[in-house]
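Novice: In this note's numbering, the protein residues as written are 350 to 641. We put the CB at the ideal spot given by N, CA and C, even for glycine.
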Amino acid sequence: MNEDEYFKEKVVWIVGASTGIGEALSKHLSLYSAKIIISARRVEELSRVKNEIIEKYPFMENRVEIVPCDIVNHQSLSKIIDKSLSCYGKIDVVILNVGRSQRSGWCDIDEQVDLECFNLNALSPTILTRLFIKKYLREDGVDFMNPIQIVVVSSVCGVMPAVLSPSYTASKHALMGYFRLLGVEYSDKSLNVTIVCPSLTFSPNNVMNAFTNKAGEINGESLTNITDKHMTAERCAEAICQSAANNLNEVWLSKTFDILFLTYLSVYFPYLFLRTIKFIGIQKLRKIRGSK
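1. With which residues is residue 493 paired in a DSSP beta bridge?
2. I'd like the list of long-range same chain contacts for residue 621, defined as Cβ closer than 7 Å, with 5 residues on each side in sequence excluded.
3. For residue 386, which residues of its own chain have a beta-carbon under 6 Å away from its beta-carbon, when the five flanking residues on both sides are left out?
4. Whole angstroms are fine: how far does the CA of residue 502 sit from the CA of residue 589?
5. Decide yes or no for the touch test of the stretch 392 to 403 against the stretch 454 to 473: beta carbon pairs closer than 8 Å, at least 3 of them.
6. Does the contact criterion of 3 or more C-beta pairs under 8 Å hold for the stretch 525 to 542 versus the stretch 560 to 579?
7. How many Å lie between residue 450 and residue 513 at the Cα?
8. Using a Cβ-Cβ cutoff of less than 7 Å, which residues in the same chain neighbour residue 375 once the five nearest sequence positions on both sides are dropped?
9. Use the C-beta contact count for residue 371: other C-beta atoms within 10 angstroms, 16 or more gives buried, fewer gives exposed.
10. Once the 5 residues before and after residue 540 are set aside, which same chain residues still bring their CB inside 6 Å of it?
11. Report the option in 564, 448, 607 whose CA atom is closest to the CA atom of residue 369.
12. Threshold first: 4 residues or longer. Then list the alpha helix (DSSP H) segments lying entirely within the stretch 502 to 534, N to C.
13. Helix, strand or coil: which one does DSSP assign to residue 543?
Here it is as structure tokens:
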């Protein structure tokens with residue numbers, strides 16, 4: 350289906366909308382005259398995104414709402430959902446663009462980093478969605494008040510392992526496990542789940558703020574120039590919207606063939622995947638992935 354036709358007049362809630370892919374999604378959806386709700390922790394960044402949208406698309410002035418959300422504060426999520434629902438009286442699409450990357454060796458990680466990474470990347474989006482579904486079911490529990498779609502922005506790291514990102518890789522695998530099952534369990538209701546797995550996407554803050562091996566520490570590495578292996582955040586947002594509009598169950602995205610090839614190899618031919626990794630060399634893969 351054409352994205353313009355699919356998203357027109359739909360209410361889309363983007364969780365994780367302040368920078369990177371989430372910001373690009375907010376701006377891209379404005380092209381389709383969607384009504385959008387943008388959420389993240391940093392209200393000042395959400396205000397910037399909203400102002401930039403309205404400046405470029407004046408017709409969006411009354412079609413962008415800000416709902417602050419700290420997704421790891423689970424006790425606050427019920428009220429945040431209520432506030433989001435009150436913006437337009439309904440929500441048609443929820444886009445979960447939540448996550449924080451990592452740069453660390455497998456054996457070097459403090460246990461607290463594993464816990465924080467899992468909480469942010471896997472458990473919190475799952476808890477938010479559970480609460481949303483419970484609130485959005487009709488009183489008879491048979492179906493939803495209107496058809497809804499959950500769009501999960503995961504990563505190819507949720508499909509194949511990525512060096513220097515053990516907690517991140519495992520948390521994205523867990524995230525996809527939760528939402529693959531959600532799609533199965535609610536396949537008899539008007540709920541669709543789309544999981545999108547981007548590979549390298551240019552977003553400087555993603556690398557800068559990545560987990561390391563120590564709790565409370567950020568990677569601090571500055572990614573200033575886009576490489577020939579990186580998608581732009583705008584292209585990634587466009588592909589996510591195309592995937593959602595066509596109700597695709599799972600999509601793997603990569604600008605380059607090699608990453609996509611390794612992803613398919615890891616799923617369908619794991620033995621050949623490991624042989625290929627040995628042939629490429631783990632040191633080269635570490636260099637590609639990058640570290641402090």
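Specialist: Working from what's here:
1. Translated into positions along the sequence shown, residue 493 becomes position 144. Residue 493 pairs with 486.
2. As a first step, residue 621 must be located in the sequence shown, where it is residue number 272. Cβ neighbours of residue 621 beyond the five flanking positions: 614.
3. What you label residue 386 is simply residue 37 of the sequence shown in a count that begins at 1. For residue 386, where only same-chain residues beyond five positions count, the Cβ hits under 6 Å are 362, 414, 416, 433, 436.
4. Looking up residue 589 in the sequence shown gives position 240. Looking up residue 502 in the sequence shown gives position 153. When rounded, the distance between both Cα atoms is 8 Å.
5. As far as the Cβ criterion goes, the stretch 392 to 403 does not touch the stretch 454 to 473, which means the pair count is below three.
6. No contact exists between the stretch 525 to 542 and the stretch 560 to 579.
7. Translated into the one-based positions of the sequence shown, residue 450 becomes position 101. Translated into the one-based positions of the sequence shown, residue 513 becomes position 164. Between residue 450 and residue 513, the C-alpha separation is close to 10 Å.
8. Counting from one through the sequence shown, the residue named residue 375 turns up at place 26. 363, 366, 385, 387, 398, 402.
9. Sequence index remark: in the sequence shown, residue 371 carries index 22 (1-based). A residue is called buried when at least 16 other Cβ atoms come within 10 angstroms of its Cβ; residue 371 meets this threshold and is buried.
10. Counting from 1 along the sequence shown, the entry for residue 540 is found at position 191. If we look at residue 540 and ignore the five residues flanking it on each side, its Cβ neighbours are 497.
11. Position 20 of the sequence shown, counting from 1, holds the residue named residue 369. It is 448 whose Cα lies nearest to the Cα of residue 369.
12. The alpha helix (DSSP H) runs lying completely inside the stretch 502 to 534 and spanning 4 residues or more are 515 to 534, given in chain order.
13. Here residue 543 is taken as the residue at index 194 of the sequence shown, counted from 1. In this structure, residue 543 counts as strand in the three-state DSSP scheme.
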